[in-house]
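Numbering (this note's numbering), first residue to last: 1041 to 1470.
Virtual Cβ for every residue (Gly too), placed ideally from N, Cα, C.
Below: the structure, in structure tokens.
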Amino acid sequence: MSTTPPIPSSAEAPRRSALRSLDEALAALLDGLSPVCAAASETVPTADALGRVLAADVVSLLDVPPADNTSMDGYAMRAADVPREGTVLPVSQRIPAGVVGEPLQPGSAARIFTGAQVPAGADAVVMQEVCEALPDGTVRINQVPAPGQWVRRRAEDVARGAVVLAAGTRLTPAALGLAASVGAATLAVARRPRVAVFSTGDELVMPGEVAPEAMRPGAIYNSNRYTLRGLLQALGCEVDDLGIVPDRREATRAALREAAAGHDLIVTSGGVSAGEEDHLKPAVEAEGRLSLWQVAMKPGKPLAFGAVRRPDGAGEAAFIGLPGNPVSVFVTFLLTVRPLLLALQGVPAVQAARLPALPLPAGFDWPRPDRRREFVRARVGEDGRVQLFPNQSSGVLTSAVWAEGLVDIAAGQAIAAGETVRFIPLAALN
Ligand code: AMP
Ligand code: MG
């Protein structure tokens, strides 16, 4: 006969809400983290540095643009020489891009082409569409120019000596262009993080090793391995995949020891809940230390953070144990592993943990909020309102492919359609 479970006493109730918040967990994770990848920087061609994190400031040794130049094809002149529409001036010279003209003769105009340096003495450009070149070598100017018109000022983009990109900046295509614009052919960047991954679960089999029709009852394909590898590669990591580790304590400990050697970070999936078949937590405690377990977020409650000793006594590798459910892996990676990887490369903690949320109107009702902060798979509809994927179960990977973003719903926050919600575009977490 089973006995009736005791009714939880009020003294037990606060324990449920004593879970660490995501923000607290992230602060604990990033505080005092040593940016080991930034400390070991390497020099790479600027053209190959996309997605890397700068290890040193990029300082400009020149002004950009180096001199005043025209942003239009047209005529350069002194604005004061054209007091009214239809003024005719002699054309005293022709200045294509890359050629430096003579100082402008007073009372004349210079034919000039986009990007060419504005001659000394000229202070405005009139675009060719409002000018008429006359057969006698003069030009009629059918517009009264304002001083400075169509002139790109020397140093208006970058002044000599300025830090154009600061150490700790993750390099976007635009940042690479800016580095090139000040002549940087190579950049000092943090070395790539070295990450070991393994999946836990006796139910897991690999695509290609077992055909769908040959699956034993209870088996599922290991999808997390692919998701994790892709997420890590997209962040520029060197990934060592240690495969599937069985649900046994010793095997888990051995895998952790192997993973710690030569890696900055160990990322695992599954086996981190409170069940008898979940061995990661005690295994990490035995092979290193667990600094945090369980976070008040959904999906992703059974997250674990810690560190594993390296067998050679060479310090320790950071450890993040992600839950097993495929959507939990996807979401918790973006919210915890990504900031950690950026911080290891020297991105400042506040920036690494920043969630670039947009305020958008909800196209849904959320009447029964959870006690945990939720990250819900969503899209922006044609009407500009946020739509939710109908099945938010953490096992439904379809939702993560459908989604263009996550709605960040605070603990206990009920939402009515039309209210503003925080929408985090997935593209901003690349
Ligand atoms: P666990 O956290 O180990 O209890 O796993 C939670 C759920 O995620 C279970 O339904 C597992 O079967 C599933 N799961 C665990 N690991 C994987 C994986 N690598 N690929 C797909 N599903 C997984
Ligand atoms: Mg498991």
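1) My output table needs one value for Cys-1077: the three-state DSSP class, helix, strand or coil.
2) If Val-1093 sits next to Arg-1234, beta carbons under 8 Å apart, how far is it from one beta carbon to the other, in whole angstroms?
3) Under three-state DSSP, which class holds Trp-1190?
4) What residue from Ser-1100, Pro-1388, Leu-1374 and Ala-1294 has the CA that sits closest to Gly-1072's CA?
5) Could you tell me whether the Cβ atoms of Asp-1170 and Gln-1183 are closer together than 9 Å?
6) Tell me which same chain residues have a C-beta within less than 8 Å of the C-beta of Ala-1207, skipping the five on either side of it?
7) What's the C-alpha gap between Pro-1339 and Glu-1064?
8) Return helix, strand or coil for Asp-1280, following the three-state DSSP convention.
9) Just the C-alpha distance for Arg-1349 and Gly-1270, rounded to the nearest angstrom, thanks.
10) Under 9 Å between C-beta atoms, does Leu-1466 make it to chain D?
11) Using 8 Å as the cut-off, classify the Cβ of Gly-1201 as near or not near the heavy atoms of the ligand MG, replying yes or no.
12) Which residues in the same chain as Leu-1272 place their Cβ atom closer than 6 Å to its Cβ, once the five residues preceding and following it in sequence are excluded?
13) If we ignore side chains and look at the alpha-carbon of each, how far apart do Ala-1300 and Asp-1287 end up?
14) With H, G and I counted as helix, E and B as strand and the rest as coil, what does DSSP make of Asp-1448?
15) Short of 6 Å in beta carbon distance, which residues of its chain neighbour Glu-1317, apart from the five on each side in sequence? Order them along the chain.
16) Please determine, among Arg-1231, Asn-1109 and Leu-1129, the residue with the shortest C-alpha to C-alpha distance to Ala-1195.
17) Between Ser-1050 and the rest of its own chain, which residues show a CB-CB distance below 7 Å, the 5 nearest in sequence each way excluded?
18) Whole-angstrom Cβ separation of Ala-1344 and Leu-1320, contact assumed at under 8 Å?
19) For Leu-1398, which three-state DSSP category applies?
20) DSSP on Thr-1209, reduced to helix/strand/coil?
21) Out of curiosity, what's the CA-to-CA distance linking Met-1112 and Leu-1090?
22) Three Cβ pairs or more, each shorter than 8 Å: is that satisfied between the stretch 1359 to 1372 and the stretch 1388 to 1408?
23) Does the distance between the C-beta of Glu-1317 and the nearest non-hydrogen atom of the ligand AMP fall short of 8 Å?
24) Do Asn-1365 and the ligand AMP come close, with the Cβ less than 8 Å from some heavy atom?
25) By how many angstroms is the C-alpha of Ser-1221 removed from the C-alpha of Asp-1304?
26) Identify whether Pro-1054 lies in helix, strand or coil by the three-state DSSP scheme.
27) Rounding to the nearest angstrom, what Cα-Cα distance links Leu-1066 and Met-1117 in this structure?
28) When the Cα atoms are used, what is the spatial distance from Glu-1052 to Leu-1059?
29) Taking DSSP's pairing of strands, which residues face Trp-1333 in a bridge?
Inspection of the coordinates gives the following:
1) helix
2) Going by Cβ atoms, the distance from Val-1093 to Arg-1234 rounds to 15 Å, so no, they are not a contact pair.
3) coil
4) Comparing Cα positions, the closest option is Pro-1388.
5) Before going on, a small fix: residue 1170 reads as Val here, not Asp. Yes, these two residues count as a Cβ contact at 9 Å.
6) Closer than 8 Å at the Cβ level, and outside the excluded window around Ala-1207, lie Ala-1078, Leu-1094, Ala-1095, Ala-1096, Asp-1097 and Gly-1386.
7) Going from the Cα of Pro-1339 to the Cα of Glu-1064 covers about 17 Å.
8) strand
9) 26 Å
10) Judged by its chain identifiers, the structure shown contains no chain D, having just a single protein chain.
11) no
12) Taken in chain order, the residues that qualify are Val-1235 and Val-1279.
13) Looking at the two C-alpha atoms, the distance is approximately 19 Å.
14) strand
15) Excluding positions up to five away in sequence, the list reads Asp-1287.
16) Closest in C-alpha terms to Ala-1195, from the list Arg-1231, Asn-1109 and Leu-1129, comes Asn-1109.
17) Any reading at Ser-1050 must be qualified, since the residue scores a pLDDT of 43, below 50, and its modelled position is unreliable; the value itself is stated next. None.
18) 6 Å
19) The DSSP-derived three-state label of Leu-1398 is strand.
20) DSSP, reduced to helix, strand and coil, places Thr-1209 outside both helices and strands of the structure shown, so it counts as coil.
21) 32 Å
22) no
23) yes
24) yes
25) 34 Å
26) Confidence at Pro-1054 is low in this model, with a pLDDT of 44, below 50, so its placement is unreliable and the value that follows should be read with caution. The answer is helix: DSSP assigns Pro-1054 an H, G or I state.
27) 59 Å
28) Since pLDDT at Glu-1052 reaches only 43, below the 50 mark, its modelled position is unreliable, and the value read off the structure follows with that caveat. Those two C-alpha atoms are separated by around 13 Å.
29) Ala-1344
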